[in-house]
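*Asks:* Final position of the sequence shown in numbering that gives the first Met the number 0 is 166; the numbers increase by one with none missing.
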Amino acid sequence: MSDPRIIPVKPGAATVEALAPFGTLVEAGEDGTPFGPADARLELGRGTPRLYIMRLVKRPMLVRGITRHTRVTQCLAATMGGEWFIGLAPAGDADMPDAKPDPAAIRIFRIPGDKALALHRGTWHAGPFFEAETQDFLNLELSDTNEVDHHTVRLDAEFGVAFAIEP
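#1: What are the complete beta strand (DSSP E) segments, minimum 3 residues, inside the stretch 83-133?
#2: I'd like to know if the stretch 118-131 and the stretch 81-89 are in contact, where contact means that at least 3 CB-CB pairs between them fall below 8 angstroms.
#3: Quick one: Cα of H150 to Cα of H124, how far?
#4: Residues bridged to A76 by DSSP?
#5: Is it right to say M169 is buried, meaning 16 or more other beta carbons lie within 10 angstroms of its own, or is it exposed?
#6: Can you say whether D92 is buried or exposed, counting buried as having 16 or more other CB atoms within 10 angstroms of its CB?
#7: If you check the beta carbons only, do A115 and A76 fall under 9 angstroms apart?
#8: According to DSSP, what are the bridge partners of L24?
#9: Name the DSSP beta bridge partners of M53, please?
#10: Use the C-beta contact count for G31: other C-beta atoms within 10 angstroms, 16 or more gives buried, fewer gives exposed.
#11: Which residues does DSSP pair with P48 in a beta bridge?
#12: What are the start and end residues of the beta strand (DSSP E) that includes A163?
#13: Going by the CB atoms, is the gap between V8 and E165 shorter than 9 angstroms?
#14: Please confirm whether G86 and R70 have their CB atoms less than 9 angstroms apart.
#15: For a test of the three-state rule: what should DSSP assign to V15, helix, strand or coil?
#16: Just the Cα atoms here: how many angstroms apart are A117 and L154?
#17: Helix, strand or coil: how does DSSP classify V8 here?
This is how it looks when you write it as structure tokens:
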């Protein structure tokens with residue numbers, strides 16, 4: 000295999016509109032606000048929900064592979080308020096087991112540390128990436144997501160590309 004073509008990418012701003020094809024940007028609101036159109040709609044009924052804090056170690060900001068979960072709307076948030084980055088591609092048909100993302104549709108976002116992200120079921124994602132040595136993230140998925148619902152495509156092997164995040 001030859002080396003992939005490295006595509007440098009400046010992350011886009013995480014706005015409700017920009018993230019809509021991939022999921023819901025969850026922002027702080029007043030306590031007691033009724034459920035409404037700005038709220039994330041979660042799909043957790045295909046297994047046992049699991050909420051945990053994962054500690055991640057800094058790694059190169061290079062998207063070589065991208066993953067999706069077809070049974071759940073995964074939710075991520077930095078627990079200490081640190082900024083982070085994520086690569087996203089639309090889910091397409093979340094029920095198609097052999098689906099592959101379109102590399103041209105991959106977008107990189109800068110997520111402020113005071114926001115959370117609820118991914119649509121099947122959204123392709125790579126990350127979180129961050130500049131700190133370690134960072135903790137609140138992660139809501141199913142108890143067996145990493146064992147039975149972890150569909151990964153190697154962008155470097157399948158398409159000959161990788162994306163270098165340039166913060």
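Note that CB positions come from ideal geometry on N, CA and C, so glycine has one too.
*Replies:* Taking the definition as stated:
#1: 83-88, 106-110, 115-118 and 123-128
#2: yes
#3: Counted from its first residue, the sequence shown places residue 150 at position 151. Counted from its first residue, the sequence shown places residue 124 at position 125. Near 10 angstroms, if we compare the C-alpha coordinates of H124 and H150.
#4: Numbered from its first residue, the sequence shown carries residue 76 at position 77. In the DSSP output, where bridge partners are listed per residue, A76 has A115 and L137.
#5: Limits of the chain in this structure are 0 at one end and 166 at the other, which puts residue 169 out of reach.
#6: As a first step, residue 92 must be located in the sequence shown, where it is residue number 93. Looking at its Cβ environment, which holds fewer than 16 other Cβ atoms inside 10 Å, D92 is exposed.
#7: Within the sequence shown, the letter at position 116 stands for residue 115. Within the sequence shown, the letter at position 77 stands for residue 76. For the 9 angstroms CB-CB criterion, A115 and A76 form a contact.
#8: Within the sequence shown, numbered from 1, the residue matching residue 24 stands at position 25. Beta-bridge pairing links L24 to L116.
#9: Locating residue 53 in the sequence shown gives position 54, counting from the first residue. Looking at the DSSP assignment, M53 forms a beta bridge with F136.
#10: Position 32 of the sequence shown, counting from 1, holds the residue named residue 31. Looking at its Cβ environment, which holds fewer than 16 other Cβ atoms inside 10 Å, G31 is exposed.
#11: Locating residue 48 in the sequence shown gives position 49, where the first residue counts as 1. Answer is L141, bridged to P48.
#12: For the purposes of this step, residue 163 is taken as residue 164 along the sequence shown, with counting starting at 1. Taken as a continuous stretch (DSSP letters only), the beta strand (DSSP E) holding A163 covers V160 to I164.
#13: Working through the sequence shown from its first residue, we reach residue 165 at position 166. Working through the sequence shown from its first residue, we reach residue 8 at position 9. A contact, by the Cβ cut-off of 9 angstroms.
#14: Here residue 86 refers to the residue found at position 87 when the sequence shown is read from its first residue. Here residue 70 refers to the residue found at position 71 when the sequence shown is read from its first residue. No, the pair does not count as a contact, with Cβ atoms beyond the cut-off.
#15: Against the sequence shown, residue 15 aligns to sequence position 16. V15 falls in the helix class under three-state DSSP.
#16: On the sequence shown, residue 117 is found 118 positions in, with the first residue counted as 1. On the sequence shown, residue 154 is found 155 positions in, with the first residue counted as 1. Approximately 23 angstroms between the Cα atoms of the pair.
#17: Counting from one through the sequence shown, the residue named residue 8 turns up at place 9. Residue state, collapsed to three classes: strand.
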